[in-house]
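**Q**
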Amino acid sequence: MTIDEFHALLMQEIKTEYNERLIENASTNLYEETLFLENALDFMFSNRMIVDEWQPCYYNTTYKNARILLHGYAISEDSTQLELFVCHYNGDTVINSITDSEIKRIAVDPCFRFLAESVKQNEGFVKSLEKSSEAFFFSTHLREIYNDLQTVKIVVITDMQSKSNFFKDALIGPLSVRIEVFDIERYYKIGSEGQPRDEILVDFMNLYNIGLPCVYVPKQSENEYAYALTAIPGQVIYNLYNQYGERILEDNVRSYLSARGKKNAGIQTTLIEEPTRFMAYNNGLVIVADSVVIKANENGESSILQIKGLQIVNGGQTTASIYFAKQAKKDAVDLGPVRVAAKIIEIGEEVDTEGHEEFIGNIARYANTQNQVKESDFLAHSAFQVNFERIVRTINCPDSVGQWFYERASGSYNTYLIREGKTPAKRKKITTVVIPRKRVVKKTDLAQSIATWRGSPHIAALGGEKCLGRYKDNLKADSENIDVGYVKKRLSEYIVYYNTFYLLRGDICKQSPGVVRIYLLALLAKNYEDSIDFDYIWNKQDLSEELKAQLKIWGSELYTWMIKNSQGRQLSEYGKNETTWDRIKSLRLSPMIRSVPELNH
21 MTIDEFHALL MQEIKTEYNE RLIENASTNL YEETLFLENA LDFMFSNRMI VDEWQPCYYN
81 TTYKNARILL HGYAISEDST QLELFVCHYN GDTVINSITD SEIKRIAVDP CFRFLAESVK
141 QNEGFVKSLE KSSEAFFFST HLREIYNDLQ TVKIVVITDM QSKSNFFKDA LIGPLSVRIE
201 VFDIERYYKI GSEGQPRDEI LVDFMNLYNI GLPCVYVPKQ SENEYAYALT AIPGQVIYNL
261 YNQYGERILE DNVRSYLSAR GKKNAGIQTT LIEEPTRFMA YNNGLVIVAD SVVIKANENG
321 ESSILQIKGL QIVNGGQTTA SIYFAKQAKK DAVDLGPVRV AAKIIEIGEE VDTEGHEEFI
381 GNIARYANTQ NQVKESDFLA HSAFQVNFER IVRTINCPDS VGQWFYERAS GSYNTYLIRE
441 GKTPAKRKKI TTVVIPRKRV VKKTDLAQSI ATWRGSPHIA ALGGEKCLGR YKDNLKADSE
501 NIDVGYVKKR LSEYIVYYNT FYLLRGDICK QSPGVVRIYL LALLAKNYED SIDFDYIWNK
561 QDLSEELKAQ LKIWGSELYT WMIKNSQGRQ LSEYGKNETT WDRIKSLRLS PMIRSVPELN
621 H
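Each residue of the sequence shown is one higher than the one before, starting from 21 at the first, in the working numbering.
1) Below 8 angstroms, how does it come out for the stretch 171-189 and the stretch 105-118: are there three or more Cβ pairs, yes or no?
2) So, at 6 angstroms on beta carbons, what are the nonlocal neighbours of Gln101 in its own chain, with the 5 sequence-adjacent residues on each side left out?
3) Between which residues of its own chain and Ala471 is the CB-CB distance below 6 angstroms, once the five residues before and five after are set aside?
4) Quick check: Ile220 and Gly329, are their CB atoms within less than 8 angstroms of each other?
5) Work out the CA separation of Thr338 and Ala345 for me, nearest whole Å.
6) What is the DSSP secondary structure of Gln337, counted as helix, strand or coil?
7) Assign Lys151 to buried or exposed, taking buried as 16 or more other Cβ atoms, counted over all protein chains shown, within 10 Å of its Cβ.
8) Spatial neighbours of Tyr276 within its chain, please: CB distance less than 6 angstroms, with the 5 preceding and 5 following residues excluded, ordered by chain position.
9) Along the chain, where does the beta strand (DSSP E) containing Ile95 start, and where does it finish?
10) What do you reckon, are the CB atoms on Lys496 and Ala569 nearer than 8 angstroms?
11) So Thr171 is in the beta strand (DSSP E); what residue range does that whole segment cover?
12) My output table needs one value for Lys645: the three-state DSSP class, helix, strand or coil.
13) Nearest CA to the CA of Arg428: which residue from Lys147, Leu466, Ser159, Leu195?
14) Pair every Cβ in the stretch 569-589 with every Cβ in the stretch 602-617, then say whether three or more of these pairs are closer than 8 angstroms.
15) Just curious, the alpha helix (DSSP H) that Gln468 is in, first and last residue?
16) Excluding the 5 residues flanking Val616 on each side, which residues of the same chain have their C-beta closer than 7 angstroms to its C-beta?
17) Run through the DSSP bridge pairs and tell me what Ile199 is partnered with.
18) Would you mind stating whether Leu578 and Leu540 have Cβ atoms separated by less than 8 angstroms?
19) Where does Ala136 sit, in a helix, a strand or coil, going by DSSP?
20) Determine the DSSP secondary structure at Ser512, reduced to helix, strand or coil.
21) Rounded C-beta distance between Gln331 and Val222? I'm assuming under 8 angstroms.
22) Apart from the five residues just before and just after Ala316, which ones in its own chain have a Cβ nearer than 6 angstroms to its Cβ?
23) If distances are taken between C-alpha atoms only, which option among Arg133, Ile604, Ser96 comes closest to Asn80?
24) Only counting runs of 4 or more residues, tell me where the alpha helix (DSSP H) segments fall wholly within the stretch 23-87, in order along the chain.
25) How would you call Thr443, buried or exposed, if buried means at least 16 neighbouring beta carbons within 10 angstroms?
26) Report the option in Leu524, Tyr548, Glu440, Cys417 whose CA atom is closest to the CA atom of Asn559.
27) With a threshold of 7 angstroms, establish whether the CB of Ala251 neighbours any heavy atom of the ligand FAD.
28) Tell me, to the nearest whole angstrom, how far the beta carbon of Arg447 is from that of Leu29; I am working on the premise that it is less than 8 angstroms.
29) CA-CA distance, Phe202 and Gly111?
30) What are the start and end residues of the alpha helix (DSSP H) that includes His108?
31) What separation, rounded to the nearest whole angstrom, lies between the Cα atoms of Pro477 and Gly422?
32) Apply the 10 Å Cβ neighbour rule to Val237 and answer buried if 16 or more other Cβ atoms are within range, or exposed otherwise.
33) Roughly how many angstroms lie between the CA atoms of Asn494 and Asn501, to the nearest whole one?
34) Taking the continuous beta strand (DSSP E) assigned at Thr16, which residues delimit it?
35) Identify every run of the beta strand (DSSP E) within the stretch 519-584, keeping only runs that are complete inside it and at least 3 residues long; order them along the chain.
36) Are the CB atoms of Ala251 and Val312 within a distance shorter than 8 angstroms?
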């Protein structure tokens, strides 16, 4: 599939979903740009390209005669990494190019201004924001955490083709702000080839005037891989991360978790106190590469001269810790005597995509033990997840054509598209008829839906990752009872869960529509537990117009109540408290304005 074909299909998906949303809810405050951004960010999160689950935060205004723009953000769990997302959507049927200067003017500078104005000592900008808006709460929170941040990144997401994907860092005080572009070409490469990484060529001789002495084991057959064992100087590690940043970690299972983690703090201590023993104390790196250039001298001793397609799949914490330790304690950290053990796996440039991804995934899973990998990665293999996915695959929608897709493993829908949608016609049929993205259910989203309907909205409001971790025992109890009936009911619940978000967002809920949705449905389940006709919802694969209208009325009432009673707190935080549910579950919903088919039993 060419990049033009990929772009055309993606635009068609966006426009089709947009039109469907307009038909379902003509008054919704929705734009194609919003759907494109959500599509891209969900895709990036599945491919581990952002630090954590992203939060929408749409803000577009002028302040002091300058444009300010923001569409979303993600903050790492320990609040040391921040990513700001801004979208530039063209929406044309053909791919258009965009210059670096245009990206900077249209997207980077306006987003940078939001950041810069938010962290100023002068609170004029924050005071200018609407007090109930997501932007106000995020800007306020940004001021609180800014001094503890170690990395900040602005990511521009566009359906156009950019000349550059990485820009020169900007500065706000002592903190560097990285600037990155996720354009249609990167989307195509990852979406079509399944490899979320750049072509990074490291020439050790030209860059560092050294070759890396190594033990090289060439592959013995076409089905094997070549290996090299070496020790990389600490200064080289620092330089690589300084130049490429997280680009060299894109196949890693996680981003840097900061020096606060026990293991990372130990790395920093070793660098300061015992740098000559770093290699003895540290597990080292596992690197995959498309190709490795090896040269042997007259004595038969081998050295690595070049590595093409370098990716660190294990040891990302070590790499980033070396960089940040030197940044934070320049005089105390001497990288001269530091050596880092490295195993380099030469996978070759012509590889089976699915086999390659599985191979790298296994390396990451088996080798990453320095810090905890997200629990959802390991829970993907639990009995509940395996059984639920197995049953989903056996079920057709009532039209006998459509299907659902359960994304037990992150990114598996994209892998499915690569495998089954090899031509534009096949991919179009999958994404528009058989399994459109609205019928793709992530395991974290399913956990939130189940927790919501079972009366634990405060757990669902924690976010997908935390909810799945907290709710795993409840799902485990269901694992032996998963059959077709069970799956259809869970998916029917999810249909309500998914659609209600779009019914409430915009004019009804200017802040945290996802949290209001969770509490509204928990309240609905409590008040109408025995009356909801989920068979009706499954057969329709949608909600009746009567239920949509009623959910909007109840959602507006609940949003008003939550804003009034949250005492100025952000609803996304207010919703995480069990006391919030204790208060809300005693509320009485207003009488239904008309007969609702789903609630008439």
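Note that the Cβ used here is the ideal one computed from N, Cα and C, for glycine as well.
**A** Taking the structure as given:
1) yes
2) Once the five neighbours on either side are set aside, the close Cβ partners of Gln101 are Val71, Thr171.
3) Closer than 6 angstroms at Cβ, skipping near neighbours: Ile479, Ala480, Cys487, Tyr491.
4) yes
5) Each residue's Cα considered, the two are about 10 angstroms apart.
6) In the structure shown, Gln337 sits in a helix (DSSP, three-state: H, G or I).
7) The residue is exposed, with fewer than 16 neighbouring Cβ atoms inside 10 Å.
8) Unreliable positioning characterises Tyr276 in this predicted model, as indicated by a pLDDT of 45, which lies under 50. The coordinate reading is nonetheless provided below. Closer than 6 angstroms at the Cβ level, and outside the excluded window around Tyr276, lie Ala340.
9) 86-95
10) In this structure, Ala569 does not lie closer than 8 angstroms to Lys496 by Cβ.
11) 171-178
12) For the chain, the structure presents residues 21 to 621; residue 645 sits outside this window and is missing.
13) Leu466
14) yes
15) 463-473
16) Once the five neighbours on either side are set aside, the close Cβ partners of Val616 are Ser564, Glu566, Leu567, Gln570.
17) Answer is Ile174, Phe187, bridged to Ile199.
18) yes
19) helix
20) DSSP places Ser512 in the helix class (H, G or I) of the three-state scheme.
21) At roughly 11 angstroms, the Cβ-Cβ gap does not stay under 8 angstroms, so Gln331 and Val222 are not in contact.
22) Ser322
23) Arg133
24) 23-44, 52-66
25) exposed
26) Cys417
27) As for the ligand FAD, it is missing from this structure, which has no ligand bound.
28) Their Cβ separation, rounded to whole angstroms, is 5 angstroms, which keeps Arg447 and Leu29 in contact under 8 angstroms.
29) 16 angstroms
30) Run containing His108: none in the alpha helix (DSSP H); it sits in the beta strand (DSSP E), 101-108.
31) 30 angstroms
32) exposed
33) 12 angstroms
34) Coverage of the chain is limited to positions 21 through 621, which leaves residue 16 absent and any answer about it impossible.
35) none
36) Taking C-beta atoms as the reference points, Val312 and Ala251 fail to come closer than 8 angstroms.
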